[in-house]
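In terms of my numbering, the sequence shown opens at residue 4 and continues consecutively.
Even for Gly, the Cβ is constructed at its ideal location relative to N, Cα and C.
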Amino acid sequence: MNKENKSSLNERISLIASHMYKQHKEYTEAAENTKKVFEKLLRDLEAIASELQQSFVKRNLSATSVNCQIDSDRSVGIINILWNSISFTTRGNTKPQALYREGNSPLFAGRILALNGNFYDASLDIQDQEYPDILECEIASLFVPADTTAHAILKVRHMGNEEFPLNQTDAPKEFLMRSIEILCGGGIFHEEFNSDEEEI
């Protein structure tokens, strides 16, 4: 390889290394920040569960109608409210991923998912799934950037690309409450018999 080709090759390799280093740096900083936000979310989850228990007792419902559980590695938190279960997790943040933002630059961020159902319920088949399959159960997501002073972005699945910026101090509690309101504020419809289905 002549000197000119070697110089060109070194320049291309340097550009790749610089680009990958920048992504890796943003990813590790976002992952660390997401971990801190999620830890606050888990503390808020316990406090909200306790408040809900007290409110249920005032309405003559058992305090056991509400409970929460947190896994040992603190990557999953679950709240059960009567027949509703919501799981919050940071699992899946294994590589740099950016949030696509229409009209804005992509934002490298960690992601906290709110999922409809109990993460450990085998019938949901959530716990071993990776994106995008796990997103079938998504209620909302909180995207946490590397910069601790920047807003976290809340996106609600049924609201498309609409973004709700939240300061990172309030983001965990607001994300929890919005997710609970979305799931518990709705209702469950009776299943309907589909006459077009073949009889067995």
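For the set Ser17, Cys187 and Phe146, the Cα lying nearest the Cα of Pro175 is the one of Phe146. For the pair Ile82 and Leu48, the CB atoms are nearer than the 8 Å cut-off.
In this structure the stretch 29-40 lies against the stretch 84-104, because at least three pairs of beta carbons, one per stretch, are closer than 8 Å. Spatial neighbours of Thr151 in its own chain (CB-CB distance under 7 Å, excluding positions within 5 residues in sequence) are listed in chain order as Asn36 and Gln171.
Here Gln56 has Ala66 and Val69 as same chain residues with Cβ atoms under 7 Å from its own Cβ, once five neighbours each way along the sequence are excluded.
Within its own chain, the residues whose Cβ lies closer than 6 Å to the Cβ of Ile73, once the five positions on either side in sequence are excluded, are Leu45 and Gly80, listed in chain order.
For Thr31, the enclosing alpha helix (DSSP H) begins and ends at Lys6 to Lys61. The criterion of a C-beta distance shorter than 8 Å is satisfied by Glu32 and Ala149. Residue pairing of Ile137 in beta bridges, as defined by DSSP: absent, with no partner found.
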